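Protein chains in written order, with our numbering: chain A, 1 to 276; chain B, 277 to 552.
The beta carbon of each residue, even a glycine, is placed where N, CA and C say it ideally should be.
Keep in mind it's a predicted model, so treat the numbers as computed, not measured.
2 protein chains.
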Amino acid sequence: MSDSAAAVVAKVRGALLKTPAKVGGASASRRPDGAIRVPKAAELIAEAIRRRLVQGDLKAGDALPPEVELMAEFHVSRASLREAFRILETESLIEVKRGAHGGARITLPDVDTASKSIGVLLQIRGATLKELFDARVIIEPPLINILAGVRTDQDLAELRDLIDFEAANIDDWTVFASAATEFHNLLVRMAGNVTLALIVGMLDELYLRHLKRFVSRNRPDQRELNQQTVAIHRQLVDVIAARDGASAETIWRYAMQQSRNVILAELGEDTPLAVY
Amino acid sequence: MSDSAAAVVAKVRGALLKTPAKVGGASASRRPDGAIRVPKAAELIAEAIRRRLVQGDLKAGDALPPEVELMAEFHVSRASLREAFRILETESLIEVKRGAHGGARITLPDVDTASKSIGVLLQIRGATLKELFDARVIIEPPLINILAGVRTDQDLAELRDLIDFEAANIDDWTVFASAATEFHNLLVRMAGNVTLALIVGMLDELYLRHLKRFVSRNRPDQRELNQQTVAIHRQLVDVIAARDGASAETIWRYAMQQSRNVILAELGEDTPLAVY
DNA sequence: GCGACTCATTGGCCTTACAATTATTCTACT
DNA sequence: AGTAGAATAATTGTAAGGCCAATGAGTCGC
């Protein structure tokens with residue numbers, strides 16, 4: 001290529017940003033301190049691909065063209081393209097496999113990704129385990145109230161199936177714990193607010209991450225606690241079945257405060273959240 | 277270097293992962309489908325630096341050594357190192373400047389970063405604007421109740437200062453909007469739950485991003501609405517001053533539902549959230 | 001002092017080359 | 001015919017080296 005590097009850069013920038021009317025376009029973005037930041041080639045490529053993805057041009061599982069083709073398409077070197085890949089991998093938007101028929105494939109980001117970035121933020125800001133639970137105690141009960149109004153018979157059946165599964169695994173600590181967590185998430189999802197379901201999912205995820213790092217032992221009275229849990233879950237579903245939102249909310253708030261107190265008493269109220 | 281590439285890779289892996297006892301260590305991680313994934317050099321470097329950062333060996337503003345030194349330290353090529361930089365940049369953990377005395381500097385991630393990853397997730401899952409507001413209507417009022425119990429006189433003073441500022445800028449749409457948003461955030465922060473403050477901050481951020489993309493026009497009755505807003509804010513602070521948590525919660529819930537209805541009527545209830 | 005200039009430092013980007021991995025295809029042997 | 005295993009082709013992972021651009025600090029001239 002005989003162009004000077006500057007010309008090439010200019011060309012790429014031009015090619016990538018040919019939709020300057022889009023107000024949301026994040027080229028030449030400003031940093032908090034007001035200084036302008038010249039976007040790097042890799043960032044522009046990542047942004048272009050990300051846009052295709054979010055706007056639906058690319059679906060999960062779709063394969064991106066091999067590096068050689070993308071290099072030609074974006075007029076960049078392999079190094080820059082690969083840096084863009086690392087960015088998109090970090091955002092869990094692609095996965096790259098090597099070998100024949102390898103290459104980058106679109107993946108849907110999951111809760112893990114988001115909760116990781118939030119986790120770092122919370123840890124830096126000194127959030128405590130107590131706050132994490134308080135947040136859930138505030139968010140979940142009102143959702144249960146809503147759920148009592150919108151639940152279908154199939155929802156009830158699913159919830160009861162899950163409770164039966166809990167009861168069947170009452171002695172297997174890890175299985176029971178993940179089932180109980182899933183019960184929470186299921187309730188929240190059924191309430192129908194995708195946003196809050198996601199938030200609760202992330203809080204769960206953070207709590208579990210913390211747990212896995214610091215707790216390996218079991219409680220002596222675990223079995224008894226688990227039985228209580230199952231009983232409360234059954235009671236809750238019955239009230240939801242009766243469409244008694246207010247009672248359901250009260251029950252759930254009480255139940256969550258109970259388990260919050262048990263867990264915090266064991267782990268320590270002011271334990272700083274630690275996910276790394 | 278006369279080693280085969282395989283030997284070099286092995287050496288690097290060994291050097292980077294010399295703390296295998298750390299349970300949190302994410303080398304050779306498993307993907308959801310159970311397949312094991314060989315971590316790339318860039319990921320290992322990013323992880324090593326990230327760990328130093330989160331554990332406090334590196335503070336915000338600290339400069340990392342120049343690329344040449346890091347290449348030597350990690351025994352990797354410049355390409356791999358730079359891919360690692362892109363990963364860390366994506367996570368908002370470093371910022372790279374060029375020129376003399378440039379290089380990578382540690383930065384603290386901010387709400388933007390987290391809300392971006394959540395935004396993608398929400399958009400993909402088809403969250404609507406309505407849900408975003410419903411989430412805030414659920415989360416904020418209980419926090420106001422708490423705030424009424426813990427508020428200090430200085431908190432009241434700050435809130436009233438902010439309201440005065442709102443009143444003074446009642447005709448400047450953008451200034452008023454950001455002041456009103458800050459009022460929300462201030463309330464939530466004062467309630468003392470870092471986790472929920474962060475979550476509300478992210479929801480705000482997402483709403484504002486959406487707004488900036490799609491709304492440029494003003495309402496004809498904006499001035500009147502803003503005056504109502506100021507009146508309600510004053511009323512709220514008075515009730516908080518009286519430590520009347522229940523009333524404060526009720527007032528705030530009502531106020532938020534009002535503004536939710538106004539905004540949704542204008543933008544459309546089922547508008548899918550669009551942040552890109 | 002103070003502005004323009006120089007220059008060393010450092011990252012941004014490109015090219016080339018080779019190694020490692022993997023799906024497919026071919027081959028040889030049973 | 002069928003199948004294990006070897007060759008092959010496609011594709012990413014990593015390295016090395018080079019040029020250019022940006023930047024900030026010191027220097028020189030006024």
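- Among the residues facing chain A, R358 (chain B) is included, as its CB has a counterpart in that chain under 8 Å away.
- Between the stretch 468-481 of chain B and the stretch 122-138 of chain A, the count of C-beta pairs closer than 8 Å reaches three or more; the two stretches touch.
- Secondary structure note for I370 (chain B): its beta strand (DSSP E) is the uninterrupted segment I370 to K373.
- The Cβ of G402 (chain B) sits closer than 8 Å to at least one Cβ of chain A.
- For D134 (chain A), the residues of chain B that pass the 7 Å Cβ criterion are N469, in the order they occur in the chain.
- Using a CB distance below 7 Å, the part of the stretch 342-366 of chain B facing chain A consists of A355, R358, E359, R362, I363 and T366, ordered along the chain.
- In summary, no residue of the stretch 496-519 of chain B has a CB separated from any CB of chain A by less than 7 Å.
- Under the Cβ criterion (8 Å, minimum of three pairs), the stretch 385-392 of chain B does not count as touching the stretch 527-540 of chain B.
- By the criterion of a C-beta distance shorter than 8 Å, V137 (chain A) is surrounded in its chain by R253, M256, Q257 and R260, once the five residues flanking it on both sides are discounted.
- Here the stretch 43-61 of chain A lies against the stretch 81-89 of chain A, with 3 or more beta-carbon pairs under 8 Å apart.
- Of the candidates B:L432, B:R401 and B:A522, B:A522 places its Cα closest to the Cα of P417 (chain B).
- DSSP places G119 (chain A) in the uninterrupted alpha helix (DSSP H) bounded by V111 to I124.
- If you draw a 10 Å sphere on the C-beta of I312 (chain B), you find fewer than 16 other C-beta atoms in it, and that means exposed.
- Within the model, the alpha-carbon separation for G425 (chain B) versus R436 (chain B) is close to 18 Å.
- Annotation: the continuous beta strand (DSSP E) that includes A104 (chain A) extends over G103 to I106.
- Nearest to Q503 (chain B) by C-alpha distance, out of B:A317, B:H486 and B:D448, is B:D448.
- Note on geometry: alpha-carbon atoms of P272 (chain A) and V476 (chain B) lie some 20 Å from one another.
- Contact annotation: the stretch 57-69 of chain A does not touch the stretch 331-344 of chain B, with fewer than three C-beta pairs closer than 8 Å.
- Rounded to whole angstroms, the separation of the alpha carbons of V372 (chain B) and Q331 (chain B) is 21 Å.
- When rounded, the separation of the alpha-carbon atoms in L211 (chain A) and I508 (chain B) is 43 Å.
- Taking a Cβ-Cβ threshold of 8 Å, none of the residues of chain A is close to V451 (chain B); the smallest such distance is about 17 Å.
- Residue range Q498 to A517 is occupied by the alpha helix (DSSP H) that includes Q511 (chain B).
- Here the alpha carbon of L225 (chain A) sits roughly 22 Å from the alpha carbon of V188 (chain A).
- At a cut-off of 8 Å between beta-carbon atoms, L122 (chain A) makes contact with chain B.
- Close to chain B, meaning a Cβ-Cβ distance shorter than 8 Å, are the following residues of the stretch 48-62 of chain A: R50, R51, V54 and Q55.
- Cβ-Cβ separation between N461 (chain B) and F452 (chain B): approximately 15 Å, too far for a contact (criterion under 8 Å).
- For P341 (chain B), the secondary structure class from DSSP, reduced to helix, strand or coil, is coil.
- Less than 8 Å separates the beta-carbon of I382 (chain B) from that of L369 (chain B).
- With distances taken between CA atoms, I139 (chain A) lies nearest to A:M202 out of A:M202, A:D244, A:E266 and A:R223.
- In this structure, L357 (chain B) keeps its C-beta atom at 8 Å or more from the C-beta atom of I400 (chain B).
- Chain A has no Cβ within less than 8 Å of the Cβ of I370 (chain B).
- In this structure, DSSP gives P418 (chain B) a helical state, which the three-state scheme calls helix.
- At a beta-carbon threshold of 9 Å, none of the residues of chain B lie near I163 (chain A); the nearest stands roughly 25 Å away.
- Taking the C-beta atoms as reference points, A455 (chain B) is found no nearer than 8 Å to L482 (chain B).
- When DSSP states are grouped into helix, strand and coil, I446 (chain B) belongs to the coil group.
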